[in-house]
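No gaps in the numbering here: position 214 of the sequence shown is 214 in full-length UniProt numbering, and each next residue is one more.
Ideal Cβ placement from N, Cα and C applies to all residues, glycine included.
None of these values were measured; they are calculated from a predicted model.
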Amino acid sequence: DVYVADKSAWLLSAMVGNMPSYFNASQVADMVTRMLDTKAVCSELGVLEAIANLLKTDVFRSLVWSQMGVADRVFRVQPRTAASPLIYKCVFCMWMLSYDEKIAMELKSYHVIKKIKEILSYSRVEKVMRLCLTVLRNFLPHQELCEEIVEENLLESVQALEFEKWRDQDLYEDIRFMVQQISAQISDMSNFDRYLKELHSGALTWGFIHSSKFWSDNVLKFEENGFSALKMLASLLLNHGTDAQTLAVAC
């Protein structure tokens with residue numbers, strides 16, 4: 001019975017989350033494996049609720065995150081079509097994970113900022129919005145995630161929320177605060193400096209710093225230091241080991 005399985009998973013995971021000292025790593029890992037087993041009868045929401053409970057405690061957060069299938073369960077939620085409870089638990093898991101510095105950086109490979117942007121676009125549940133803003137706030141101190149927040153134009157997405165009708169007036173304050181925080185990061189972050197950093201990495205990715213507007217705004221800066229930026233760009237184009245995406249962006 002799905003209902004019984006969901007409630008059992010929730011109860012056991014809640015015990016781990018609230019009383020971690022009564023459990024060991026092996027027991028928790030086994031619990032996660034059983035929940036994610038294809039033969040398990042738990043619903044999608046039931047599994048995500050249990051994962052959220054387990055992530056509440058920093059004692060086992062890293063262990064739970066490292067278990068095969070956990071990341072997929074969190075990030076497979078589709079904001080366009082998923083029910084609100086599923087979206088909320090998805091964001092809740094991101095929130096818990098954002099408190100671990102190492103895990104927070106790993107979330108970049110799961111396109112976490114794009115996922116949050118999607119949720120901000122398709123959900124209008126107040127507690128989901130509030131949690132998304134909290135996650136973004138936790139991400140801002142991490143430079144790479146902060147850069148991605150700027151690249152994905154989250155500022156526009158957050159600004160749009162201010163024109164929605166919310167019952168909770170405090171949410172407007174949260175939105176304005178986040179707008180100020182992202183705006184400050186954009187002001188501090190030189191687009192050309194970001195471009196140079198990416199050139200030095202040897203791996204270019206699509207974004208604003210490869211747009212025609214960026215080039216028109218910064219054309220004179222390419223003449224600085226003996227056209228060093230253009231020389232680096234040329235070397236990437238001539239290097240046979242340069243990956244296909246970098247070549248496409250460079251062209």
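I need the straight-line Cα distance from residue i to residue j, nearest angstrom please.
i, j, result
"residue 24", "residue 47", "20 Å"
"residue 122", "residue 79", "6 Å"
"residue 43", "residue 220", "57 Å"
"residue 206", "residue 243", "13 Å"
"residue 63", "residue 245", "34 Å"
"residue 26", "residue 60", "11 Å"
"residue 256", "residue 236", "Any answer about residue 256 is impossible in this case: the structure gives the chain only from 1 up to 251."
"residue 22", "residue 197", "47 Å"
"residue 13", "residue 37", "16 Å"
"residue 108", "residue 145", "7 Å"
"residue 339", "residue 68", "Since the displayed the chain opens at 1 and closes at 251, residue 339 lies outside it and no answer follows."
"residue 31", "residue 99", "23 Å"
"residue 160", "residue 6", "36 Å"
Between the Cα of residue i and those of the options, spot the shortest distance and give me the residue it belongs to.
i, options, result
"residue 214", "193, 75, 179 and 19", "193"
"residue 180", "201, 221 and 137", "137"
"residue 114", "16, 99 and 153", "153"
"residue 185", "202, 218, 143 and 211", "143"
"residue 55", "18, 8, 30 and 37", "18"
"residue 97", "66, 3, 45 and 227", "66"
"residue 240", "57, 202 and 40", "202"
"residue 140", "160, 101 and 159", "101"
"residue 212", "251, 8 and 84", "251"
"residue 72", "232, 83 and 93", "93"
"residue 105", "187, 231, 147 and 232", "147"
"residue 218", "195, 158 and 234", "195"
Could you check where the alpha helix (DSSP H) with residue i kicks off and where it finishes?
i, result
"residue 148", "143 to 151"
"residue 93", "84 to 97"
"residue 200", "191 to 201"
"residue 245", "244 to 250"
"residue 154", "154 to 161"
"residue 116", "112 to 122"
"residue 68", "It is not in any alpha helix (DSSP H) - residue 68 carries neither H nor E in the DSSP assignment."
"residue 27", "25 to 36"
"residue 101", "101 to 106"
"residue 3", "2 to 18"
"residue 225", "224 to 238"
"residue 44", "44 to 55"
Check this for me: beta carbons of residue i and residue j, under 8 Å apart or not?
i, j, result
"residue 112", "residue 119", "no"
"residue 156", "residue 172", "no"
"residue 116", "residue 132", "yes"
"residue 204", "residue 249", "yes"
"residue 209", "residue 191", "yes"
"residue 70", "residue 90", "no"
"residue 174", "residue 124", "no"
"residue 28", "residue 2", "no"
Rounded to the nearest angstrom, how far is the Cβ of residue i from that of residue j, given a contact under 8 Å?
i, j, result
"residue 126", "residue 168", "5 Å"
"residue 51", "residue 74", "7 Å"
"residue 134", "residue 95", "6 Å"
"residue 86", "residue 45", "5 Å"
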